[in-house]
Amino acid sequence: MLTFDQLMKMTFYGQFVAGEDHLAIRPLIQKNQAFGVGSVLDYSVEEDISQEEAEQKEMDSCVSAAEKESIGEDHREKKYKAHKQFSDRRGGVTGARTYFYADEAKCDQHMETFIKCIKASGGSSMDGFSAIKMTALGRPQFLLQFSEVLVKWRQFFSFLASQQGGDGTEALEQRLELKQLQFLTTLGAKGDLTIDMLDWNSLIDDRTKISDLLVVPNVELGELEPLLKAFTEEEEKQMKRMLQRMDVLVKHAIENGVRLMVDAEQTYFQPAISRLTLEMQRLYNKDKPVIFTTYQCYLQEAYDNVTMDVELSRREGWHFAAKLVRGAYMYQERERAKDIGYEDPINPDYESTNIMYHRCLDYVLDEIALTRNANVMVASHNEDTVKHTLRRMNEVGLSARENKVYFGQLLGMCDQISFPLGQAGFPVYKYVPYGPVSEVMPYLSRRAQENRGFMKGALKERELLWKELKRRLASGELLHRPVL
Ligand SMILES: Cc1cc2nc3c(=O)[nH]c(=O)nc-3n(C[C@H](O)[C@H](O)[C@H](O)COP(=O)(O)OP(=O)(O)OC[C@H]3O[C@@H](n4cnc5c(N)ncnc54)[C@H](O)[C@@H]3O)c2cc1C
66 MLTFDQLMKM TFYGQFVAGE DHLAIRPLIQ KNQAFGVGSV LDYSVEEDIS QEEAEQKEMD
126 SCVSAAEKES IGEDHREKKY KAHKQFSDRR GGVTGARTYF YADEAKCDQH METFIKCIKA
186 SGGSSMDGFS AIKMTALGRP QFLLQFSEVL VKWRQFFSFL ASQQGGDGTE ALEQRLELKQ
246 LQFLTTLGAK GDLTIDMLDW NSLIDDRTKI SDLLVVPNVE LGELEPLLKA FTEEEEKQMK
306 RMLQRMDVLV KHAIENGVRL MVDAEQTYFQ PAISRLTLEM QRLYNKDKPV IFTTYQCYLQ
366 EAYDNVTMDV ELSRREGWHF AAKLVRGAYM YQERERAKDI GYEDPINPDY ESTNIMYHRC
426 LDYVLDEIAL TRNANVMVAS HNEDTVKHTL RRMNEVGLSA RENKVYFGQL LGMCDQISFP
486 LGQAGFPVYK YVPYGPVSEV MPYLSRRAQE NRGFMKGALK ERELLWKELK RRLASGELLH
546 RPVL
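So for the sequence shown, this note's numbering puts the first residue at 66; every next one is plus one.
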């Protein structure tokens with residue numbers, strides 16, 4: 066009699082997951098490789114926990130001791146409630162796995178798994194990738210608070226720019242009091258404090274106190290103030306360990322000749338994820354592109370972020386490397402913005418997301434054509450986007466052999482795009498999920514239940530397969546011959 070695991074392997078799991086561990090997935094990786102299709106290994110387990118458990122874990126890990134103590138204060142109370150409401154981060158998300166923080170030992174375990182994944186990637190091909198999610202590597206409280214700090218600094222700089230715009234510093238002096246001006250001058254003299262202190266080596270150094278970086282400008286008082294009153298010693302250590310785990314992964318990636326793909330996640334974590342990834346790129350992408358960041362083009366700010374980072378890479382002389390996606394958390398982001406009452410960060414409609422994607426892509430393709438120093442993965446199942454990329458590559462004179470423009474699709478999806486691209490010599494990669502049946506199923510079943518668009522994709526694929534089968538029967542070329 067068939068067991069549940071065997072049945073899953075013959076059906077759903079078998080279609081979308083490569084196997085249980087790094088050994089079991091090897092034949093599939095090699096088979097794809099023979100057709101010119103590489104792999105981005107993506108260990109895909111997700112805990113099977115109830116919504117209540119997820120909410121509890123998230124609240125325990127995202128709210129610091131100091132915040133819990135100040136729950137009585139109005140603004141903290143509001144923030145706490147808002148976070149609680151959206152604390153099951155799986156809601157409406159079908160294209161990505163979700164990690165909830167349990168404890169430091171669990172994060173070490175995730176790191177060990179990622180290391181195995183990196184080694185498997187290095188062992189199975191010369192130019193593999195491994196994907197990582199930062200939320201798997203530590204207490205998300207740090208990403209949340211660091212993001213808040215970065216957003217406040219960004220708002221501060223836009224405020225400064227608006228004050229200085231048009232009528233210059235005179236207007237600024239008229240509007241600000243002397244004390245505030247002195248404070249701005251001090252900031253100017255030191256450079257912008259937070260930003261300068263962020264080089265990767267100082268971040269992971271035990272002597273740097275992370276909470277010292279979590280300061281925000283208070284223009285009214287003319288002072289820098291901590292985001293939160295106090296951090297416990299344990300919280301300090303947890304923040305540091307998250308960064309150190311990332312550093313361990315990068316070093317393993319370099320040793321094994323594997324590129325590290327840092328996935329993008331929710332907007333309340335993403336500024337920190339992007340910033341930390343950028344700091345790693347500044348250090349480790351000097352000779353070649355080792356670390357890839359991810360831009361979500363459904364975000365209204367995507368183009369500004371891409372152009373700012375490309376310009377920085379050009380100025381500082383490191384390799385820009387990025388994956389472009391449309392974004393997996395749209396429904397959750399929209400609902401959260403509406404409920405909490407801030408501006409929806411997502412483009413108003415699908416068409417504007419498409420325009421944003423192609424605008425960001427065109428900018429990076431132009432940069433590659435100009436400097437040969439940037440790299441991009443077009444991670445999309447959208448045929449128009451793939452065709453657009455091929456057309457633009459042709460227009461700006463980029464050939465497939467230069468190995469600067471990659472294509473990415475999920476395993477089991479859009480094979481009608483991936484394999485012809487691979488056979489035509491374009492670097493194309495499948496995100497290859499793997500892991501034990503029981504641990505991958507919670508994520509897979511969520512994906513099946515929630516993503517109606519994804520089922521439409523499968524139908525389209527079936528239609529195309531029938532068409533291809535009929536064509537081959539008619540032309541007498543039924544067996545597929547790989548181009549070697
Ligand atoms: C290899 C690979 C890696 C990925 N990595 C990540 C990652 O790190 N982080 C991440 O967030 N996602 C990631 N994704 C998922 C990705 O963001 C998309 O959700 C998914 O690929 C569908 O987009 P598409 O371009 O393939 O297809 P399409 O069907 O053309 O686009 C669907 C997407 O368009 C956007 N959209 C749809 N309707 C609207 C609307 N009304 N208004 C605005 N925008 C709209 C949404 O982003 C939606 O997911 C990855 C996907 C792939 C293939």
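Glycine included, each C-beta is placed from N, C-alpha and C at the ideal position.
Proximity test, residue i beta-carbon vs ligand 1 heavy atom, cut-off 7 Å
i, result
"residue 412", "yes"
"residue 447", "yes"
"residue 450", "yes"
"residue 418", "yes"
"residue 496", "yes"
"residue 310", "no"
"residue 98", "no"
"residue 20", "Residue 20 lies beyond the range of the chain shown here (66 to 549); nothing can be said about it."
"residue 403", "no"
"residue 345", "no"
"residue 329", "yes"
"residue 103", "no"
"residue 359", "yes"
"residue 391", "yes"
"residue 185", "no"
"residue 387", "no"
"residue 471", "no"
"residue 199", "no"
"residue 395", "yes"
"residue 415", "yes"
"residue 363", "yes"
"residue 444", "yes"
Under 8 Å between C-beta atoms of residue i and residue j
i, j, result
"residue 496", "residue 201", "no"
"residue 508", "residue 190", "no"
"residue 505", "residue 82", "yes"
"residue 385", "residue 369", "no"
"residue 372", "residue 358", "no"
"residue 284", "residue 221", "yes"
"residue 500", "residue 388", "no"
"residue 169", "residue 306", "yes"
"residue 78", "residue 502", "yes"
"residue 457", "residue 427", "yes"
"residue 199", "residue 209", "no"
"residue 441", "residue 470", "yes"
"residue 483", "residue 102", "yes"
"residue 477", "residue 80", "yes"
"residue 296", "residue 267", "no"
"residue 335", "residue 510", "no"
"residue 479", "residue 453", "no"
"residue 561", "residue 203", "The structure shown does not extend to residue 561, since the chain spans only 66 to 549, so no value can be given for it."
"residue 317", "residue 185", "no"
Distance, residue j Cα to residue i Cα
i, j, result
"residue 488", "residue 100", "6 Å"
"residue 333", "residue 344", "19 Å"
"residue 174", "residue 167", "11 Å"
"residue 85", "residue 227", "55 Å"
"residue 475", "residue 303", "33 Å"
"residue 182", "residue 107", "7 Å"
"residue 311", "residue 395", "27 Å"
"residue 433", "residue 205", "35 Å"
"residue 180", "residue 92", "20 Å"
"residue 327", "residue 217", "24 Å"
"residue 301", "residue 278", "11 Å"
"residue 468", "residue 74", "34 Å"
"residue 219", "residue 377", "16 Å"
"residue 490", "residue 97", "13 Å"
"residue 448", "residue 455", "11 Å"
"residue 431", "residue 423", "12 Å"
CB-CB length for residue i against residue j, believed under 8 Å
i, j, result
"residue 9", "residue 187", "Past the edges of the chain, shown from 66 to 549, lies residue 9, and the structure says nothing about it."
"residue 355", "residue 444", "Not quite, the Cβ-Cβ distance comes to about 18 Å (not below 8 Å), so this is no contact."
"residue 552", "residue 215", "This structure gives no information on residue 552, because the portion of the chain shown stretches from 66 to 549."
"residue 398", "residue 331", "7 Å"
"residue 315", "residue 325", "6 Å"
"residue 465", "residue 425", "Going by Cβ atoms, the distance from residue 465 to residue 425 rounds to 21 Å, so no, they are not a contact pair."
Neighbour flag for residue i against chain C, beta carbons, 8 Å
i, result
"residue 96", "Chain labels in this structure do not include chain C; a single protein chain is all it has."
Would you be able to state if there are at least three C-beta pairs under 8 Å between the segment 342 to 353 and the segment 404 to 412? No, the segment 404 to 412 does not touch the segment 342 to 353.
Taking contact to mean at least 3 C-beta pairs separated by less than 8 Å, is the segment 431 to 446 in contact with the segment 282 to 292? no
- request: Answer yes if the segment 359 to 371 comes into contact with the segment 418 to 431, meaning at least three C-beta pairs across the two stretches below 8 Å, and no otherwise.
  value: Because the criterion of three Cβ pairs below 8 Å is met, the segment 418 to 431 and the segment 359 to 371 touch.
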